[in-house]
Amino acid sequence: MCGIVGVIAERNIIPILMEGLRRLEYRGYDSAGIAVRNQDARLQRIRSVGKVAELQHLLDQREIEAPLGIAHTRWATHGMPAERNAHPHMSGEQVAVVHNGIIENHAELRAELQQKGFVFSSETDTEVIAHLLAALLAEGQGILDATRNAVAHLVGAYALAVISPDDPDHLIVSRAGSPLVIGVGVGEHFIASDVF
Ligand code: GLU
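Add 1 to a position in the sequence shown, counting from 1, and you land on the number used in my numbering.
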């Protein structure tokens, strides 16, 4: 049981992501992380082992603002609590994903993706989703189609939020068997594992 949060807005969303993580922290204390699309159209990721307060401490030392981002508080199922296993997971600079759930066919997918040349940096089941998405994006698919096609390969339970540096206007979500709520605002939208 992990907690995921995502926000797309016309203002800096980092305080909203962090407030969401603090309120969902009961869902996992192993690590916390965020990935945002910054003003330079790049993904920026910050992760830390332990509580959300540790992540806040790292953020306090930087000046980051962004209108689109995702965040995660982890209860590890695959891969020990460690920074390399903390979400968000990325495939190069192409895509970032947060996941609540368990991908049961992760070992087969990992082997297939490794054969295609993808290099894994974690022991999580989740990282296969990032590389699946990158493979589909590399074929020229947009982030929405890539997510639709990626989840078709997954067996298990998931609630996902996905962002890409190439698409400032979309925060993509998908769920099967794990909870996900969507908050629709005026010019801004929110997703989370639970209301916060
Ligand atoms: N299976 C993922 C991991 O271990 C997500 C954990 C969860 O949702 O509990 O990182």
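Backbone N, C-alpha and C define an ideal beta-carbon position, used for all residues, glycine too.
Can you tell which of the options has its C-alpha closest to the C-alpha of residue i?
i    : options               : result
L114 : A97, L137, E55        : L137
D167 : H79, A139, I192       : A139
R75  : I65, Q57, R48, A97    : R48
P180 : A162, H171, D170      : A162
V99  : G141, R149, V174, L56 : V174
Determine whether the beta carbon atoms of residue i and residue j lie at a separation below 7 angstroms.
i    : j    : result
L59  : E94  : no
G188 : E11  : yes
N86  : S122 : no
S194 : N101 : yes
S165 : A135 : no
A67  : R23  : no
A72  : I35  : yes
When burial is assigned at 16 or more other CB atoms within 10 Å of the CB, is residue i buried or exposed?
i    : result
Y27  : exposed
I5   : buried
R63  : exposed
I183 : exposed
E84  : exposed
Along the beta strand (DSSP E) that carries residue i, what are the first and last residues, could you check?
i    : result
N150 : Here N150 belongs to no beta strand (DSSP E); instead the alpha helix (DSSP H) covers 144–152.
H90  : 90–92
H100 : 96–104
H73  : 69–75
G34  : 32–38
What first and last residue would you give for the alpha helix (DSSP H) that runs through residue i?
i    : result
Q57  : 53–61
R24  : 15–25
Q116 : 107–116
Residue ranges of each beta strand (DSSP E) run of no fewer than 3 residues wholly in the segment 121–191, ordered along the chain?
Look at the segment 121–191 and you find these whole runs of beta strand (DSSP E), each 3 residues long or longer: 157–164, 173–177, 182–185.
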